[in-house]
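This note's numbering runs 327 ahead of the 1-based position in the sequence shown.
The C-beta atom is built at its ideal place from N, Cα and C for all residues, glycine as well.
A short write-up of the structure that comes next.
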Amino acid sequence: MKFLLHEMSWPEAKEYFSKNDIAIIPVGSNEQHGPHNPLGTDHLIAKAIAEETAKRAGVVCLQVIPFGVSHQHRQFCGTVHVSPETFKSYVKEVCLALNYHGARKIVIVNGHGGNLNALIELTRELREKGVFVSIFQWWPAAGKLLPEIFKSEERGHAGAEETSMNLALHPHLVKMDKAVDEEVRKPSIQAEGVILPMDTVDYTRSGIFGKSTTASAEKGKAVFEAVVNELVKHVNLLKNAKIEELTAKPKACQA
328 MKFLLHEMSW
338 PEAKEYFSKN
348 DIAIIPVGSN
358 EQHGPHNPLG
368 TDHLIAKAIA
378 EETAKRAGVV
388 CLQVIPFGVS
398 HQHRQFCGTV
408 HVSPETFKSY
418 VKEVCLALNY
428 HGARKIVIVN
438 GHGGNLNALI
448 ELTRELREKG
458 VFVSIFQWWP
468 AAGKLLPEIF
478 KSEERGHAGA
488 EETSMNLALH
498 PHLVKMDKAV
508 DEEVRKPSIQ
518 AEGVILPMDT
528 VDYTRSGIFG
538 KSTTASAEKG
548 KAVFEAVVNE
558 LVKHVNLLKN
568 AKIEELTAKP
578 KACQA
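Structure below.
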């Protein structure tokens with residue numbers, strides 16, 4: 328079975344959606360990831376996880392949506408930013424297009440934390456329309472599944488964890504001779520519980536948060552396998568779930 332929607336003909340897509348009500352959409356960003364990682368890190372990793380999951384679970388996967396909410400990285404050359412409103416609207420319309428063809432369960436594989444708030448909003452809005460959308464983020468899953476592989480200072484933006492995934496998935500795009508370790512600068516006005524409207528350049532010159540030089544392909548392969556296995560588990564559970572149990576419930580006063 329073909330699992331990439333863009334490689335199917337329309338009759339093949341029709342046959343798939345006549346028997347299945349689930350699809351996977353990878354999303355990410357095109358933003359700086361230090362002097363050693365590719366700008367496409369977030370969407371490249373999301374794409375790889377989504378496609379491998381689709382292949383193993385026997386479901387369809389869309390092409391990756393590469394641009395996301397990256398305003399905080401805009402000062403670094405090559406970063407492409409779209410507003411949260413634009414991002415949310417675009418992804419939502421893609422989901423509704425899938426729903427038109429029969430998809431009522433959608434898994435978004437999100438490779439960029441900056442997209443999360445917009446994605447959460449659209450999942451709630453779509454649930455009201457009878458479309459159930461879940462969001463998977465690989466790095467929180469990796470932190471729970473393999474807590475011993477990376478230290479906290481290696482899990483930051485463009486750090487050893489992300490770099491290891493790049494080394495495992497597309498090593499030709501990583502320049503480890505350019506990798507550096509940089510301690511995150513703390514603003515003088517920072518205090519516990521306070522959120523500041525700062526940009527990445529306010530915290531780091533290189534774009535790296537913490538340690539990146541300890542990355543390895545072996546670590547990346549272990550993380551990739553662990554998170555794909557976890558996502559396959561979720562997709563299989565979702566495939567078997569009844570949509571009536573997933574969509575929005577009536578108002579409590581009507582129950």
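Original post:
Looking at V354 and N437, is the spacing between their C-beta atoms short of 7 Å?
Top reply: The count along the sequence shown starts at 1 and reaches residue 437 at position 110. The count along the sequence shown starts at 1 and reaches residue 354 at position 27. Result yes, Cβ atoms of N437 and V354 sit closer than 7 Å.
Original post:
Considering only residues of the same chain and omitting the five flanking positions on each side of G626, which have a CB-CB separation below 7 Å?
Top reply: Lying outside 328 to 582, the shown extent of the chain, residue 626 is not represented and no answer is given.
Subject >> Sufficient close CB pairs (3 or more, under 8 Å) joining the stretch 448-465 to the stretch 331-346 >> reply: no
Subject >> Unbroken stretches of the alpha helix (DSSP H), 4 residues or longer, contained in the stretch 410-484 >> reply: 411-427, 443-455, 465-472
Original post:
What is the C-beta distance between D348 and A430, in whole angstroms, given that I count them as a contact (C-beta under 8 Å)?
Top reply: Stepping through the sequence shown from its first residue, residue 348 is reached at position 21. Stepping through the sequence shown from its first residue, residue 430 is reached at position 103. At roughly 6 Å, the Cβ-Cβ gap stays under 8 Å, so D348 and A430 are in contact.
**OP:** Indicate the three-state DSSP secondary structure (helix, strand or coil) for G385 in the structure shown.
**Re:** On the sequence shown, position 58 is the one that residue 385 refers to. Coil, per DSSP.
**OP:** Drop a sphere of 10 angstroms on the beta-carbon of V391, count the other beta-carbons inside from all chains shown, and report buried for 16 or more, exposed for fewer.
**Re:** Mapped onto the sequence shown, residue 391 falls at position 64. By the neighbour-count rule (16 or more Cβ atoms within 10 Å), V391 is buried.
Original post:
From this set, S397, V434, V501, N556, which residue's C-alpha is nearest P362's C-alpha?
Top reply: Taking the first residue of the sequence shown as 1, we reach residue 362 at position 35. With distances taken between Cα atoms, P362 lies closest to V501.
Original post:
Among V511, A542, T380, which one has its Cα closest to the Cα of D529?
Top reply: For the purposes of this step, residue 529 is identified with residue 202 of the sequence shown, where counting begins at 1. Answer by Cα proximity: V511.
Original post:
When the Cα of N426 is compared with those of E379, I351, K415, H439, which residue comes out closest?
Top reply: For the purposes of this step, residue 426 is taken as the residue at position 99 of the sequence shown. Considering only alpha carbons, the answer is I351.
Original post:
Going by DSSP, what residues sit across from H408 in a beta bridge?
Top reply: Within the sequence shown, residue 408 is the residue found at index 81, counting from 1. DSSP lists G395 as partners of H408.
Original post:
What are the boundary residues of the alpha helix (DSSP H) that P338 is part of?
Top reply: Mapped onto the sequence shown, residue 338 falls at position 11. Its alpha helix (DSSP H) spans residues 337-346.
Subject >> Residues sharing a beta bridge with I520, DSSP >> reply: Working through the sequence shown from its first residue, we reach residue 520 at position 193. Checking the sequence, you will find Gly at residue 520 rather than Ile. Answer by DSSP bridge pairing: none, since G520 is not bridged.
**OP:** Just grab the DSSP bridge partners of E571 for me.
**Re:** In the sequence shown, the residue the question calls residue 571 occupies position 244. None; E571 has no bridge partner.
Subject >> Three-way DSSP call (helix, strand, coil) for V331 in this model >> reply: Counted from its first residue, the sequence shown places residue 331 at position 4. Rather than Val, the amino acid found at residue 331 in this sequence is Leu. DSSP places L331 in strand when its eight states are reduced to three.
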